[in-house]
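Numbering (this note's numbering), first residue to last: 332 to 631. What follows is a single structure, written as structure tokens, with notes after it.
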């Protein structure tokens, strides 16, 4: 654990140094130079962030502008029974500083399961705060690169364990590239979610995700996407004690309905996986078989 925390501290120190080196130039008066900020932080050839399905692009909110997004999600398919989970997240995003987007959010959801003839119902609700900093953009560097960190708290009500809290901290790397200007875009994501959950003493776990997607602009304001994601569940905050892994594939569609309103829909299905100590070619204990997500975004 101490080695992991030391590594995390070194990563934070290196990131802070990188951000300081790549931050936009400042005017003599100490105020951000708008022209410099635009050249580093913004890119006119960005694909919409939600055009890649569950994978995210590197774009962030412009300085002084914001958006409001509603994400609806559902999942189903477990081992030894049936399960249907439904959830929603309301998130606001704002370009607080050049290259820096801040995003508070609220979330909630329920899961109904039938496991070995026993009906179960779990609830969760909470909120959190996310920050994203854009390091590179397409115009100056050939690809977009954004770092993000997210801290959240959930209150859980479980049929088996009663009421307890779950704490999450997620670190993200979001990259994308224009393959064919105005037509084809690619995105690549890395994330590591640290989880403290359950009645005291809290259990420790983590989920590592690597994913890639292509988004094709078929007509103006409409994108079709396809993605592959691999997820690994660990019974520790680091990369030890592997509990299982799963690979997902699926399509998505994005529609920029108006200048302010955008709607996207994505579907993933688990095509391969393995759970520690269980036979079979799927992990249906740590992950669901089917995932669906709809995003509705309003920019202002």
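Even for Gly, the Cβ is constructed at its ideal location relative to N, Cα and C.
- Query: Smallest Cα separation from residue 441: which of 483, 579, 415, 614?
  - Reply: Residue 415 holds the alpha-carbon nearest to the alpha-carbon of residue 441 among 483, 579, 415, 614.
- Message: I'd like the list of long-range same chain contacts for residue 380, defined as Cβ closer than 7 Å, with 5 residues on each side in sequence excluded.
- Response: These residues qualify, in order along the chain: 387, 388, 390.
- Query: In chain order, what residues of the same chain have a beta carbon less than 7 Å from the beta carbon of residue 439, not counting five sequence neighbours either side?
  - Reply: Answer for residue 439: 418, 419, 455, 456, listed in chain order.
- Message: Within 10 Å of its beta-carbon, does residue 435 have 16 or more other beta-carbons around it, so buried, or fewer, so exposed?
- Response: Exposed, because fewer than 16 other Cβ atoms sit within 10 Å of the Cβ of residue 435.
- Item | Span separating the alpha-carbon of residue 474 from that of residue 462 | Between residue 474 and residue 462, the C-alpha separation is close to 20 Å.
- Item | Cβ-Cβ distance between residue 437 and residue 458 below 8 Å | It is a contact, given that the beta carbons lie within the stated cut-off.
- Item | residue 378 versus residue 511 - alpha carbon distance | Looking at the two C-alpha atoms, the distance is approximately 11 Å.
- Message: Quick check: residue 583 and residue 600, are their CB atoms within less than 8 Å of each other?
- Response: For residue 583 and residue 600, no; Cβs fall outside 8 Å.
- Indicate whether residue 483 and residue 619 have their beta-carbon atoms separated by less than 8 Å. No Cβ-Cβ contact shorter than 8 Å links residue 483 with residue 619.
- Task: Starting from the Cα of residue 527, find the closest Cα among 546, 422, 499, 578 and give me that residue.
- Result: Proximity to residue 527 across 546, 422, 499, 578 peaks at 499, based on C-alpha coordinates.
- Task: Measure the Cβ-Cβ separation of residue 622 and residue 406 and say whether it is below 8 Å.
- Result: Taking C-beta atoms as the reference points, residue 622 and residue 406 count as a pair closer than 8 Å.
- Query: What do you reckon, are the CB atoms on residue 525 and residue 547 nearer than 8 Å?
  - Reply: Here residue 525 is not near residue 547, since their CB atoms are 8 Å or more apart.
- Query: When burial is assigned at 16 or more other CB atoms within 10 Å of the CB, is residue 611 buried or exposed?
  - Reply: Exposed: under 16 other Cβ atoms inside 10 Å.
- Can you give me the Cβ contacts of residue 523 inside the same chain, cut-off strictly under 6 Å, excluding the 5 residues immediately before and after it? A distance below 6 Å between beta-carbons, with the five flanking residues on each side excluded, links residue 523 to the following residues of its chain, in chain order: 502, 539.
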